[in-house]
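Trainee: Residue numbers (this note's numbering): 1 to 134. Ideal placement from N, C-alpha and C gives every residue a C-beta, glycine not left out. Nothing here was measured: the structure is a model prediction, and the numbers come from that model.
#1: Could you please give me the residues that DSSP links to residue 126 through a beta bridge?
#2: Please report how far the alpha carbon of residue 51 lies from the alpha carbon of residue 79, in whole angstroms.
#3: Quick check on residue 122: buried or exposed, where buried means 16 or more other Cβ atoms within 10 Å of its Cβ?
#4: What number of angstroms, rounded off, separates the C-alpha of residue 75 from the C-alpha of residue 48?
#5: Quick check: the Cα distance between residue 109 and residue 66, rounded to an integer number of angstroms?
#6: Taking the C-alpha atoms as reference points, what is the distance between residue 114 and residue 134?
#7: I need the straight-line Cα distance from residue 68 to residue 119, nearest angstrom please.
#8: Distance, Cα to Cα, residue 70 vs residue 132?
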């Protein structure tokens, strides 16, 4: 009888260890999937007082003519600053790109000045990416 009880305790202990390991593995997988391992790229230059800062994360697709942004992945964004002027763009969660130009409010459209600055930003970002990929 003593041997049977001893073996039963051993089986229960092994089941508990297996359950604990499975639970720990599940928690680890949830934590890994919850953490979005996005690469963020930041390029900052100062050329005789001409400052420029580019920051982006996620997948960003520029228009074919390199004057706009066609797509930004969920959670992705682009920020461009030059000489005190800024533009930022991100996905609105519905597949559209939302812009914030010089401290304004988020909008899916830009005025003429904003479009011009966006085109300049996209061209500068494209050049910077090309330099990084060399």
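Mentor: To lay it out plainly:
#1: On the chain shown, residue 126 is found 126 positions in, with the first residue counted as 1. Looking at the DSSP assignment, residue 126 forms no beta bridge with any residue, so it has no partner.
#2: For this step, residue 51 is matched to residue 51 along the chain shown. For this step, residue 79 is matched to residue 79 along the chain shown. When only Cα atoms are considered, residue 51 and residue 79 end up about 14 Å apart.
#3: Along the chain shown, one-based indexing puts residue 122 at 122. So residue 122 ends up on the buried side.
#4: The residue given as residue 75 occupies position 75 in the chain shown. The residue given as residue 48 occupies position 48 in the chain shown. Taking the straight line from one Cα to the other gives about 34 Å.
#5: Here residue 109 refers to the residue found at position 109 of the chain shown. Here residue 66 refers to the residue found at position 66 of the chain shown. Inter-residue distance for residue 109 and residue 66 is about 17 Å (C-alpha atoms, whole angstroms).
#6: Numbered from 1 along the chain shown, position 114 holds the residue referred to as residue 114. Numbered from 1 along the chain shown, position 134 holds the residue referred to as residue 134. In a straight line, the C-alpha of residue 114 is about 30 Å away from that of residue 134.
#7: For the purposes of this step, residue 68 is identified with residue 68 of the chain shown, where counting begins at 1. For the purposes of this step, residue 119 is identified with residue 119 of the chain shown, where counting begins at 1. Taking the straight line from one Cα to the other gives about 6 Å.
#8: Along the chain shown, read from residue 1 onward, the residue named residue 70 stands at position 70. Along the chain shown, read from residue 1 onward, the residue named residue 132 stands at position 132. Near 22 Å, if we compare the C-alpha coordinates of residue 132 and residue 70.
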